[in-house]
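If you read the sequence shown in the working numbering, its first letter stands for residue 742, the second for the next number, and so on. Since the structure comes first, as structure tokens, the remarks are kept for the end.
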Amino acid sequence: MLPACRQVRLGAEEVGYASTMSIPWWQQGAIYQIYPRSFADTDGDGVGDLRGVTDRLDYLSELRVCAIWLSPFYRSPMADFGYDVADYRDVDSIFGTLEDFDHLVDEAHARNIKLLVDFVPNHTSDQHPWFVESRSSRKNPKRDWYVWRDGRGANLPPNDWPSAFAAVGRAWTFDKATAQWYLHSFLPQQPDLDWDNPDVEAAMHDVLRFWCERGVDGFRIDVVQKIAKDPLLRDPRPAEPITWEDWQPTIHERLRRLRTVVDEYPDRMLVGEVYLLDLQRVLAYVNTGDELHLAHNFVFLHLPWDASAFRAAIDSFEALSSESAWPAWFLANHDHARVASRFGAEQARAVLLMLYTLRGTPFVFQGEELGLPDAEIPPDRVVDVDGRDPERAPIPWRAPSETGPGAGFTTGEPWLPLTSAAEELNVSRQADEHDSTLSLTRRLATLRMAERALQSGEQRSVDAGDDLLAWLRIGEDGKELLAVVNFAEDERGFRCPPDLRGTARLELSTDPARRSPELSLDDLRLAAAEGLLLRL
Ligand code: NOJ
């Protein structure tokens, strides 16, 4: 079995968890996001399950992933495919049982792979017993666990907040039974909990404890900025990128309390989906060192394919960071078009190089290691209200020509069609090809686990000329690695800064055509969309 994520000490051999000099596990290597519905199906119903994840742990071990983040598998009517939770403490039967979950934790830990689960604190399903009670009468003790308000007049909701899903329209639904409106930042089937109510907060803390006791190593927190809303429910201000509803100072005390709960257990980690497009505000979630460990950086995800935009985002993150902040780099998840479809197939390889070699934790969305594009979803197969089916298509494990349309994902009818590129991009085929994207990702992951400079080294941006993004990683032992990515659609020359003259050794290129192991930095040229990692 290959070592995945271990606790290592700077300048010394492997040690236990206690060392103050150690690199936390969540900084060492990649965290791999699994969308369980689409990963691997073991019972032939066309939907992935927890046993499917357990069955593929050796694949993840070979990818050297440090941790898995599992998107929701809790009991749910699946209006938002699991982000509408009806029971925070149970596994939906479509995904398996709590015993399957326990088995997955044990098997992941046996391979030194940590496990994060998705914590969905902002809303429940409308089928959750709390909401069923809450909507039953204005006097019910659970009434104020959710946000119920009178309207501003006949058929007028309490304010103009929109749902995050354009197709839903406003974020309020009128409930005839008690003649009041309830807030739902997403679907009407996802009523928002009222975090101003301390009983709600305490109940959600207990959910964290439940999963910590079951052995999980941390949580990805869904739309965490929404657990502190404007108590006055003011309307959005036009032309403001951050609305009242998404920016309340109370968030910080709530995050500190969440952190205190997970700190009751050793070595747990919190990463937040902080969906704020303002780096200063995002950094406020991680800079004090007693709130989140990591914040997903959506500014990065929304960048155009442009070297100077990437450079500015990376440098500003560093400039705004405190000593405690640590970046979490990601360019894909289950809510956004895949990198290969947004930027191109070659660019998707360069992105992998970026994720694994920038200072910070790489988050890799399942299938990104294969360079998968989005799937085409015919109109009669669309199931998501917000157009996110293409990136959620199941993983092709084997060639459809050998296995049928399930491509090793399922023996049944897959819940979403697979990508039409499954024949070329399936796991089994890529595993045997030296130049495949899967082999590239494995090499990157191996380098990341082996090189202290990549795990914890300093980072310095390098001015390398138009369309080139370049940065140095400098280890404590003085070892230096230089990464360069060409964002242009044709060749570009590297403008070598005076302090970097001489030759360098090729560690890796995303371009299979590059062969020579020694390169001169003075006349280095990069192919279109090439990413390079050089040892100085
Ligand atoms: C963010 C999740 O990533 C997305 O899939 C979900 O629809 C919303 N939050 C609501 O939970």
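All C-beta atoms, glycine included, are put in the ideal place defined by N, C-alpha and C. Remember, predicted model here, so these are calculated numbers, not experimental data.
query: Exposed or buried, serine 779, counting other C-beta atoms within 10 Å across all chains shown (16 or more means buried)?
result: buried
query: By the 10 Å Cβ neighbour count, where 16 or more other Cβ atoms means buried, how is valine 1002 classified, buried or exposed?
result: buried
task: Over the uninterrupted alpha helix (DSSP H) stretch that includes glutamine 1196, give me the two end residues.
output: 1193-1197
Chain-order list of residues whose beta-carbon lies under 8 Å from that of glutamate 686 (same chain, five-residue window excluded): Missing from the structure shown is residue 686; the chain here goes from 742 to 1277 and no further.
- prompt: If we ignore side chains and look at the alpha-carbon of each, how far apart do phenylalanine 1235 and alanine 1245 end up?
  reply: 13 Å
query: Looking at the structure shown, is glutamine 930 part of a helix, part of a strand, or coil, going by DSSP?
result: coil
- request: Have a look at arginine 879 and proline 1007 and give me their C-alpha separation to the nearest angstrom.
  value: Taking the straight line from one Cα to the other gives about 42 Å.
query: Can at least three beta-carbon pairs, one atom from the region 1182-1196 and one from the region 766-775, be found at a separation below 8 Å?
result: Yes, the region 1182-1196 is in contact with the region 766-775.
- prompt: Name the DSSP beta bridge partners of methionine 1010, please?
  reply: Looking at the DSSP output, methionine 1010 shares a beta bridge with Gly959.
message: What would DSSP say about arginine 890, mapped onto helix, strand or coil?
response: strand
message: Using a Cβ-Cβ cutoff of less than 6 Å, which residues in the same chain neighbour glutamine 1196 once the five nearest sequence positions on both sides are dropped?
response: Ile764 and Gln769
field: Rounded separation between aspartate 841 and aspartate 790 - CA only
entry: Taken atom to atom, the span from the alpha-carbon of aspartate 841 to that of aspartate 790 is near 9 Å.
query: Going by C-alpha distance, which of Pro1137, Phe814 and Ala849 is nearest alanine 1162?
result: Pro1137
task: Under 7 Å Cβ to Cβ from tyrosine 887, same chain only, skipping five residues before and after it: list those, please.
output: So the qualifying residues of the chain are Phe872, Ser875, Tyr923, Pro932, Asp933, Leu934 and Asp935.
field: Cβ pair arginine 797, alanine 781 closer than 8 Å
entry: yes
- request: Output the distance between the C-alpha atoms of valine 861 and glutamate 1192, rounded to the nearest integer angstrom.
  value: 35 Å
- request: Please report how far the alpha carbon of arginine 975 lies from the alpha carbon of glycine 1128, in whole angstroms.
  value: 29 Å
message: Please tell me whether, using a cut-off of 7 Å, the distance from the CB of aspartate 1284 to the nearest non-hydrogen atom of the ligand NOJ is below it.
response: Any answer about residue 1284 is impossible in this case: the structure gives the chain only from 742 up to 1277.
query: Is the Cβ-Cβ distance between serine 1202 and aspartate 1056 less than 8 Å?
result: yes
field: Bounding residues of the alpha helix (DSSP H) (the contiguous stretch that carries proline 870)
entry: Note, proline 870: alpha helix (DSSP H), 870-877.
message: Residues in the same chain with beta-carbon distance under 6 Å from glycine 1198, minus the five sequence neighbours each way, listed in chain order, please.
response: Arg1214, Ile1215 and Gly1216
- prompt: Exposed or buried, what is lysine 917 when buried is set at 16 or more other beta-carbons lying within 10 Å of its beta-carbon?
  reply: exposed
Selection from Met1095, Val1123, Gly1101 and Glu1087 that minimises the alpha carbon distance to leucine 1113: Glu1087
- prompt: Going by the beta-carbon positions, is the gap between isoleucine 854 and serine 812 smaller than 8 Å?
  reply: No, Cβ-Cβ distance for isoleucine 854 and serine 812 is not below 8 Å.
- prompt: Quick one, what's near the ligand NOJ if you take every residue whose CB is closer than 5 Å to any heavy atom, in chain order?
  reply: Asp821, Tyr824, Phe927, Asp963, Val964 and Asp1076
Endpoints, the beta strand (DSSP E) within which threonine 914 is located: 913-916
message: Extract the residue ranges of the alpha helix (DSSP H) inside the region 1112-1153, only unbroken runs of 4 or more that lie entirely within it.
response: 1141-1144
task: Can you tell me which of the three DSSP states tryptophan 985 falls into?
output: Confidence at tryptophan 985 is low in this model, with a pLDDT of 49, below 50, so the placement of that residue is unreliable and no value is reported for it.
task: Go ahead and pull the three-state DSSP assignment for histidine 925.
output: coil
C-alpha distance - tyrosine 1097 paired with serine 1063, whole-angstrom precision: In this structure, the straight-line span from the alpha carbon of tyrosine 1097 to that of serine 1063 is close to 22 Å.
- prompt: How is glycine 793 classed by DSSP in three states: helix, strand or coil?
  reply: helix
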